[in-house]
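Chains as they are written, first to last, in my numbering: chain Z, 4 to 464; chain X, 4 to 464. C-beta atoms are modelled at their ideal positions from N, C-alpha and C, and glycine is treated no differently. Remember, it's a predicted structure, so these values are computed and weren't measured experimentally.
2 protein chains.
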Amino acid sequence: MSLKALDYESLNENVKNCQYAVRGELYLRASELQKEGKKQIIFTNVGNPHALGQKPLTFPRQVVALCQAPFLLDNPNVGMIFPADAIARAKHYLSLTSGGLGAYSDSRGLLGVRKEVAEFIQRRDGYPRLTSFLGWLDSGSSATVSTLLSYISLLGGTLVPYYLEETDNWGLDVNNLRQSVAQARSQGITVRAMVIINPGNPTGQCLSEANLREILKFCCDERLVLLGDEVYQQNIYQDERPFISSKKVLMDMGAPLSKEVQLISFHTVSKGYWGECGQRGGYFEMTNIPPRTVEEIYKVASIALSPNVSAQIFMGLMVSPPKPGDISYDQFVRESKGILESLRRRARIMTDGFNSCKNVVCNFTEGAMYSFPQIKLPPKAIQAAKQAGKVPDVFYCLKLLEATGISTVPGSGFGQREGVFHLRTTILPAEEEMPEIMESFKKFNDEFMSQYGDNFGYSRM
Amino acid sequence: MSLKALDYESLNENVKNCQYAVRGELYLRASELQKEGKKQIIFTNVGNPHALGQKPLTFPRQVVALCQAPFLLDNPNVGMIFPADAIARAKHYLSLTSGGLGAYSDSRGLLGVRKEVAEFIQRRDGYPRLTSFLGWLDSGSSATVSTLLSYISLLGGTLVPYYLEETDNWGLDVNNLRQSVAQARSQGITVRAMVIINPGNPTGQCLSEANLREILKFCCDERLVLLGDEVYQQNIYQDERPFISSKKVLMDMGAPLSKEVQLISFHTVSKGYWGECGQRGGYFEMTNIPPRTVEEIYKVASIALSPNVSAQIFMGLMVSPPKPGDISYDQFVRESKGILESLRRRARIMTDGFNSCKNVVCNFTEGAMYSFPQIKLPPKAIQAAKQAGKVPDVFYCLKLLEATGISTVPGSGFGQREGVFHLRTTILPAEEEMPEIMESFKKFNDEFMSQYGDNFGYSRM
């Protein structure tokens with residue numbers, strides 16, 4: 004009997020070989036355990052703040068609720084449950100649509116929201132809006148990055164990995180990058196794009212301006228387009244190293260680089276401290292992309308007709324929040340501060356907690372929403388993992404999950420240097436639960452290390 | 004100087020060659036004309052009801068507004084502007100999420116909404132939910148169909164066109180299908196999937212049960228997966244030929260076919276009579292797809308993490324609307340009937356209007372939201388088009404746009420038999436504007452036909 008189109012054996016090998024660790028073996032096992040109901044699972048595998056109890060900001064939700072129910076704007080009682088500035092803002096956004104939230108927008112997003120995005124970028128970076136800028140609102144940066152990548156190499160393209168320098172605060176070593184690219188090219192691979200995530204996922208660092216300059220120079224030399232995932236730009240937990248956008252650094256470098264390097268930068272409403280992951284909104288900004296290419300991207304995006312309109316409004320609100328003097332300003336600032344200050348404390352509790360554990364060492368989470376501790380696995384543990392048919396850090400993370408309910412992502416899911424092991428966890432559990440979670444981690448780790456430890460021990464890094 | 008990654012010359016040829024007529028040359032010209040402000044443009048190029056004045060249904064918008072603003076549920080005044088059943092339903096949907104609309108859902112969608120979808124399918128088709136069913140909620144069917152197709156043939160796969168039989172009410176002739184597939188295979192093309200749109204786009208027909216049986220049998224024989232775009236299933240404008248789902252027809256055929264044919268059926272909130280295009284919600288149902296393949300699809304979908312959660316709730320509401328006895332039932336039915344009955348009248352006005360025009364012939368719009376009249380272009384018009392460097396129906400549609408502001412899609416954008424020309428228009432302009440629009444069309448067409456007509460004339464079909 005011949006195969007049918009969607010029999011497993013008929014599927015493309017690229018599909019079968021694809022792996023996504025954030026929702027991989029660990030997540031599936033955690034979901035099973037949750038279903039069995041025997042253990043409370045702490046889902047720190049994915050940056051999903053609202054799922055761990057973070058409350059939405061009131062003002063943007065009021066505005067979008069009113070846009071969803073525009074008939075309320077004619078209701079004489081609307082002022083009893085919505086403040087006047089939310090009502091005004093809902094009218095503003097509805098006026099930018101061609102028929103409310105139920106109508107397709109232009110495939111590039113609502114023109115009016117794209118203007119607000121352009122103004123935000125100009126305020127942030129201090130540079131006038133470039134003609135090469137095109138706001139774009141899409142379904143989250145994962146989807147958008149992969150959409151863009153499909154223009155560069157067809158699905159089945161080759162990923163050329165590079166490593167961050169853990170002992171240099173997760174910075175990038177451009178000499179290593181150059182080697183990676185040269186090696187890939189010698190294998191006949193056409194290298195077209197470089198992706199950076201700043202602030203870092205899974206590593207939580209803020210890249211320094213000097214490092215960003217090196218990266219941009221490198222991309223210029225190697226004719227690579229730089230895809231800058233900057234979705235965590237508002238999630239900063241220290242003052243020494245603020246977020247700087249790749250666009251600003253590039254413009255600061257001046258001509259010829261500022262007119263040469265092709266750069267696409269991403270931002271979303273999922274991240275930042277808003278954490279509106281389920282709304283699926285974002286934009287990307289294109290710098291030095293030729294107009295004919297922009298036209299092609301527009302054409303292909305048109306096939307999907309329209310990004311979701313309520314998410315576009317969230318994006319507009321995120322880049323133009325309430326201003327001093329607005330009715331909702333104080334509440335908005337209070338709620339925002341509450342979230343950000345708590346995240347800052349949690350980043351500290353978590354990295355301090357990891358660093359107090361045996362054979363665990365962790366850079367401070369400067370930004371984003373992840374800690375990425377290195378777990379120095381004893382040879383016996385590595386041996387036991389092999390016998391169980393598991394990658395060593397998967398083995399460790401599965402044991403952690405079974406013992407504590409903490410659901411993490413093994414470092415091997417992101418790529419890491421040979422013989423070095425990590426796990427990624429978010430800093431998102433509720434602040435009051437954090438000490439207990441770290442206690443529980445420490446207890447597990449102590450037991451693991453004493454079970455698998457040998458007499459040589461490990462010195463701390 | 005070597006090329007940069009996103010220079011136009013570096014782009015993949017598949018991207019450059021891709022065409023999407025709905026937002027193609029005609030749409031771009033219409034947008035220009037609108038910008039110039041000299042002419043009022045009637046955007047009938049895309050099925051976007053709210054952009055043409057259709058009001059959203061009140062009840063679903065109330066529910067989603069409350070889900071966006073869950074803090075209202077604790078507000079003692081909420082009952083003054085929201086009915087109790089909307090409040091109850093908002094609580095129900097929020098209870099299905101893991102943290103409200105801001106939290107990622109499972110990549111397959113919210114389990115509770117998938118259950119509502121399963122119940123809807125069972126009510127509609129009279130068959131118990133199959134184990135092979137997997138509800139899926141995604142960003143509209145265009146995106147979903149293309150996502151699925153990417154599993155079957157990589158981007159750059161080959162489209163094997165087939166033609167519908169205009170004189171047989173836009174039915175499918177299976178002998179022609181068989182020839183198309185045989186010819187493609189003889190050219191070394193691996194044919195894997197067949198797509199049908201029922202009710203039809205651009206053609207507006209409801210496929211008969213007999214025709215669906217033939218198609219399913221054909222897919223079984225040829226080992227093709229059938230992708231059934233059924234997003235217009237609620238848009239039916241006559242009683243003689245109701246919508247029947249491919250799933251029901253397949254189940255009615257019994258074993259072995261009912262256990263053999265791989266079928267994926269699509270539905271969205273964009274279409275139906277709700278017209279919530281900007282919300283980007285939908286589902287697909289898989290029948291006879293092996294569990295290992297479903298797992299692979301789940302894995303790849305996980306990369307995008309989560310469909311937009313508010314759109315999932317719209318889908319839930321669409322498949323489980325208010326019931327008799329509910330507070331909002333009467334209003335919901337009144338609004339629904341108002342829209343559907345007006346669409347029915349508009350389908351009649353439009354097709355009758357086309358059929359009253361010289362050299363124009365149009366099948367009745369039985370369902371969906373499009374009319375697809377054939378325009379019998381005189382040889383002189385075809386000659387003039389060639390001289391202008393245009394495909395003949397593009398030439399006609401551009402002239403129509405310039406003369407009347409009516410923005411349509413040339414039939415060549417969908418594929419049509421050699422030497423035959425059509426245009427697609429939606430039946431969505433406001434009912435009161437419809438007579439004037441058809442008048443304006445008739446006037447243009449009369450002038451066009453007299454300008455380009457020759458003395459031979461054309462007999463009506």
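C-beta atoms of residue i and residue j nearer than 7 Å
| i | j | result |
| --- | --- | --- |
| Ala406/X | Phe447/X | yes |
| Gly102/Z | Ala54/X | yes |
| Tyr96/Z | Ile316/Z | yes |
| Met372/X | Leu431/X | yes |
| Lys274/X | Tyr301/X | no |
| Glu288/X | Ser268/X | yes |
| Met437/Z | Lys361/Z | no |
| Val394/Z | Leu104/Z | no |
| Gly370/Z | Pro202/Z | yes |
| Glu172/Z | Gln125/Z | Note on residue identity: the sequence assigns Asn, not Glu, to residue 172/Z. Going by C-beta atoms, Asn172/Z is not nearer than 7 Å to Gln125/Z. |
| Val264/Z | Glu225/Z | no |
| Phe335/X | Pro327/X | no |
| Asp128/X | Lys251/X | yes |
| Gln377/X | Val364/X | yes |
| Leu231/X | Ser249/X | Inspection of the sequence shows that residue 231/X is occupied by Gly rather than by Leu. In contact: Gly231/X and Ser249/X (Cβ atoms closer than 7 Å). |
| Tyr11/Z | Arg295/X | yes |
Other residues of its chain near residue i: CB distance less than 6 Å, five sequence neighbours each side excluded
| i | result |
| --- | --- |
| Ala314/Z | Gln282, Arg283, Gly284 |
| Ala93/Z | Val66, Leu69, Cys70 |
| Phe367/X | Thr354 |
| Leu229/X | Met197, Cys222, Leu266 |
| Ser142/Z | Residue placement at Ser142/Z cannot be trusted, given a pLDDT of 47 that sits under 50; the coordinates are not used to answer. |
| Gly174/X | Glu168, Asn214 |
| Ile342/Z | Tyr276 |
| Cys280/Z | Asn51, Ser273 |
DSSP-derived helix/strand/coil call for residue i
| i | result |
| --- | --- |
| Asp232/X | strand |
| Gln182/X | helix |
| Phe136/X | Residue confidence is low: Phe136/X scores 45 on pLDDT, short of 50, so the model does not pin down where it sits. Its coordinate-derived value is still stated next. If DSSP states are grouped into helix, strand and coil, Phe136/X belongs with coil. |
| Ile44/Z | coil |
| Pro413/X | strand |
| Glu168/Z | strand |
| Arg244/Z | coil |
| Arg427/Z | strand |
| Gln237/X | coil |
| Ser331/X | coil |
| Glu472/X | Nothing about residue 472/X can be reported from this structure: the residues present for chain X run from 4 to 464 only. |
| Val49/Z | coil |
| Met377/X | A quick correction: the sequence has Gln, not Met, at residue 377/X. The answer is strand: DSSP assigns Gln377/X an E or B state. |
| Leu75/Z | helix |
| Val363/X | strand |
| Leu3/X | Nothing can be reported for residue 3/X, as the shown portion of chain X is limited to 4 through 464. |
| Leu175/Z | strand |
Cutoff 7 Å; reference residue i; Cβ partners in own chain excluding five residues on either side
| i | result |
| --- | --- |
| Asp176/X | Glu168 |
| Ser410/X | Leu29, Tyr30, Ala33, Ile44, Ile45, Phe46, Thr47, Asn48, Leu404 |
| Ile440/X | Ile45, Ile409, Pro432 |
| Leu3/X | Since the first residue shown for chain X is 4 and the last is 464, residue 3/X is missing from the structure and cannot be characterised. |
| Ser156/X | Any reading at Ser156/X must be qualified, since the residue scores a pLDDT of 39, below 50, and its modelled position is unreliable; the value itself is stated next. Excluding residues within five positions, the ones whose Cβ falls inside 7 Å are Arg195. |
| Glu119/X | Gly319, Val322, Ser323 |
| Ile330/Z | Pro86, Ala87, Asp88 |
| Ser135/Z | With a pLDDT of only 45 at Ser135/Z, under 50, the local geometry of the prediction cannot be trusted, and the value read off the model is given with reservation. Cβ neighbours of Ser135/Z beyond the five flanking positions: Met289, Thr290, Asn291, Ile292. |
Run of the beta strand (DSSP E) containing residue i, from where it starts to where it stops
| i | result |
| --- | --- |
| Ile267/X | 266-271 |
| Ala196/Z | 196-200 |
| Glu421/X | No beta strand (DSSP E) contains Glu421/X, which DSSP labels as neither H nor E. |
Proximity test, residue i beta-carbon vs the ligand PLP heavy atom, cut-off 6 Å
| i | result |
| --- | --- |
| Ile84/X | Of ligands this structure carries none, so the ligand PLP is not represented either. |
Terminal residues of the alpha helix (DSSP H) in which residue i lies
| i | result |
| --- | --- |
| Phe447/X | 437-455 |
| Tyr286/Z | Tyr286/Z -> not in any alpha helix (DSSP H); beta strand (DSSP E) instead, spanning 285-290. |
Own chain residues within Cβ distance below 8 Å of residue i, not counting five before or after
| i | result |
| --- | --- |
| Gln400/X | One detail in the question is off: residue 400/X reads as Cys in this sequence, not Gln. Excluding sequence neighbours, Cys400/X sits near Leu29, Thr411, Val412, Pro413, Leu426. |
| Ile13/X | Position check: residue 13/X holds Ser in this sequence, whereas Ile was assumed. Leu6, Lys7. |
Between the stretch 320-341 of chain X and chain A, which residues of the former have a C-beta closer than 8 Å to a C-beta of the latter? Among the protein chains of the structure shown, namely Z and X, there is no chain A.
Kindly confirm or deny that the stretch 55-65 of chain X and the stretch 377-392 of chain X touch, where touching means at least three C-beta pairs closer than 8 Å. no
Count Cβ pairs between the stretch 249-264 of chain Z and the stretch 79-90 of chain Z that sit closer than 8 Å; are there 3 or more? no
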